[in-house]
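Structure first, commentary second.
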């Protein structure tokens, strides 16, 4: 699906396996994007199951992100868990944090 939707990915489309999500700044643009995507799928002989489709959703949570008319943002729940993370107190806790962050191997 990424290959098929490539002309629109990162412009107004996000693809994950067989899910297509498209986003727009306003309703007029959204209508244009909807027409473009549906025509494109028809041209490629791909079909969407209408019962699995959702249209005109103002805000969507998708793969740890929130997509709305303002753009794509990290899900606030994910940010909150990082902000609420207790600061490491011991050298072992610091090492565990660094390993989790992906820099732990460099410190050994």
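Residue numbers (full-length UniProt numbering): 1 to 108.
Glycine included, every Cβ here is placed at the ideal spot set by N, Cα and C.
Per DSSP, residue i is paired with what?
i          : result
residue 74 : 65
residue 59 : 68
residue 9  : 13
What first and last residue would you give for the beta strand (DSSP E) that runs through residue i?
i          : result
residue 40 : Segment 27 to 43 is the alpha helix (DSSP H) holding residue 40; no beta strand (DSSP E) there.
residue 13 : 13 to 16
residue 22 : 19 to 22
So the alpha helix (DSSP H) residue i belongs to, where does it begin and stop?
i          : result
residue 94 : 91 to 101
Nearest by alpha-carbon distance to residue i: which of the options is it?
i          : options            : result
residue 52 : 18, 101, 94 and 13 : 18
residue 61 : 75, 49, 54 and 7   : 75
residue 71 : 3, 8, 12 and 6     : 12
residue 73 : 86, 54, 59 and 88  : 59
Please classify residue i as buried or exposed, where buried requires at least 16 neighbouring CB atoms within 10 angstroms.
i           : result
residue 107 : Legend: pLDDT at residue 107 = 49, less than 50; position of this residue unreliable, value from coordinates given subsequently. That one is exposed.
residue 23  : buried
residue 30  : buried
residue 20  : buried
residue 57  : exposed
Could you give the C-beta distance for residue i and residue j, rounded to a whole number, given that I count them as a contact under 8 Å?
i          : j          : result
residue 83 : residue 64 : Residue 83 to residue 64, Cβ: 15 Å. No contact.
residue 44 : residue 4  : 6 Å
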